[in-house]
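Data block below; observations after.
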Amino acid sequence: MAEPAQVLAEGWGRALVFVYGVFAVAATGRSLVQLGMEPERAPLAYSLSLVAAVLYLLATTCLLLGGRWGWRVAGIAVTVELLGVLSVGVLSYLATDLFPDKTVWSHFGQGYAFLPLVLPFAGLAWLRHTRPM
Amino acid sequence: MTEWSYGVVIALCGVAAVVLAIDLARDRAAQDSHFIAMGVIEVALVAQLVGGAVALGRTDREVEGVVFVSYLVTLVLVPIVGAFFSLAERSRVGTSILLLAVATVAGLELRVWDIWGATGG
Numbered sequence: 208m209a210e211p212a213q214v215l216a217e218g219w220g221r222a223l224v225f226v227y228g229v230f231a232v233a234a235t236g237r238s239l240v241q242l243g244m245e246p247e248r249a250p251l252a253y254s255l256s257l258v259a260a261v262l263y264l265l266a267t268t269c270l271l272l273g274g275r276w277g278w279r280v281a282g283i284a285v286t287v288e289l290l291g292v293l294s295v296g297v298l299s300y301l302a303t304d305l306f307p308d309k310t311v312w313s314h315f316g317q318g319y320a321f322l323p324l325v326l327p328f329a330g331l332a333w334l335r336h337t338r339p340m
Numbered sequence: 034m035t036e037w038s039y040g041v042v043i044a045l046c047g048v049a050a051v052v053l054a055i056d057l058a059r060d061r062a063a064q065d066s067h068f069i070a071m072g073v074i075e076v077a078l079v080a081q082l083v084g085g086a087v088a089l090g091r092t093d094r095e096v097e098g099v100v101f102v103s104y105l106v107t108l109v110l111v112p113i114v115g116a117f118f119s120l121a122e123r124s125r126v127g128t129s130i131l132l133l134a135v136a137t138v139a140g141l142e143l144r145v146w147d148i149w150g151a152t153g154g
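Order-wise, the sequence lines are chains Z and R. Each residue of the first sequence is one higher than the one before, starting from 208 at the first, in this note's numbering. Each residue of the second sequence is one higher than the one before, starting from 34 at the first, in this note's numbering.
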């Protein structure tokens with residue numbers, strides 16, 4: 208497997224890293240606050256916030272590191288992120304009792320201008336664009 | 034530091050966003066004027082951090098102090114990181130990154146406003 212055709216964190220990739228970085232900080236901050244203050248209130252929602260935080264951190268790091276492993280792991284992280292935002296988005300409408308408090312992904316990221324929904328698609332498009340030849 | 038400071042920063046971000054969007058549509062790289070605008074926003078954010086910390090010490094309303102201050106600190110960092118990212122891409126990507134940074138600041142301002150409590154002084 209060859210190296211990616213383009214460095215992952217250059218060009219539009221740099222804009223992507225910026226947004227992923229912001230979300231990594233936002234999700235980490237949110238989960239720390241939630242788990243630190245009242246972890247028993249909504250364990251599922253808060254755990255998902257933590258999962259989201261880890262995924263955003265992982266994707267940001269992999270984009271920055273680049274290389275074929277960075278590319279692969281970023282692909283996995285972004286795919287899981289897409290599945291997460293879709294399933295949590297649907298569940299937060301259907302099974303409201305599961306989510307007494309919000310996560311980054313609730314209502315498809317409504318509290319974050321729906322960027323959490325757009326971001327994985329942008330990520331996948333970028334990874335497709337930079338896929339190793 | 035009360036409600037009006039959020040309005041000032043959001044208004045500054047709005048102006049900067051319009052300028053950036055116009056230059057983005059014209060396919061221009063980030064200009065000196067853009068970085069000056071980021072600098073103005075940065076000054077406002079530093080003032081807000083100082084003022085916010087002072088106001089937090091004086092207020093008797095229930096504000097999550099740690100969360101409030103960490104938002105203010107994050108706000109100060111966003112334009113700086115955005116500017117460095119933008120300087121590394123002297124194309125419309127750089128302009129886009131500044132636009133993203135400005136949007137992030139505006140979004141965070143709304144959250145800070147919420148945390149402080151949107152009514153009263």
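We put the beta carbon where it would ideally sit given N, CA and C, even for glycine.
- About 5 Å separates the beta carbons of R/Thr128 and R/Leu57, which is inside the 8 Å limit, making them a contact pair.
- Any Cβ of chain Z closer than 8 Å to the Cβ of R/Ala121 would place that residue at the interface, and such an atom is present.
- A residue is called buried when at least 16 other Cβ atoms come within 10 angstroms of its Cβ; R/Pro112 meets this threshold and is buried.
- Under the DSSP assignment, Z/Pro246 falls outside any alpha helix (DSSP H); it carries neither an H nor an E label.
- Contact of Z/Trp333 with chain R is not assigned, every C-beta pair being separated by 8 Å or more.
- If you check the CB distance, Z/Gly291 and Z/Ala259 come in under 8 Å.
- At a cut-off of 8 Å between C-beta atoms, Z/Trp219 counts as an interface residue with respect to chain R.
- Among the residues facing chain Z, R/Ile130 is included, as its CB has a counterpart in that chain under 8 Å away.
- Contact between R/Leu133 and R/Gly115 holds: their C-beta atoms lie close to 7 Å from each other, under 8 Å.
- Rounded to whole angstroms, Z/Leu262 and Z/Phe328 show a C-alpha spacing of 15 Å.
- Contact between the region 138–149 of chain R and the region 90–102 of chain R is present: three or more C-beta pairs spanning the two stretches fall below 8 Å.
- For Z/Pro339, no alpha helix (DSSP H) run applies, since DSSP gives it neither H nor E.
- Taking 7 Å as the Cβ-Cβ cut-off, the region 235–263 of chain Z approaches chain R at Gly236, Val240, given in chain order.
- If you draw a straight line from the Cα of R/Val73 to the Cα of R/Gly140, it is about 18 Å long.
- Put simply, the CB of Z/Val226 is near chain R, with a gap under 8 Å to one of its CB atoms.
- Using a Cβ-Cβ cut-off of 8 Å, Z/Val232 is close to Thr107 of chain R, given in chain order.
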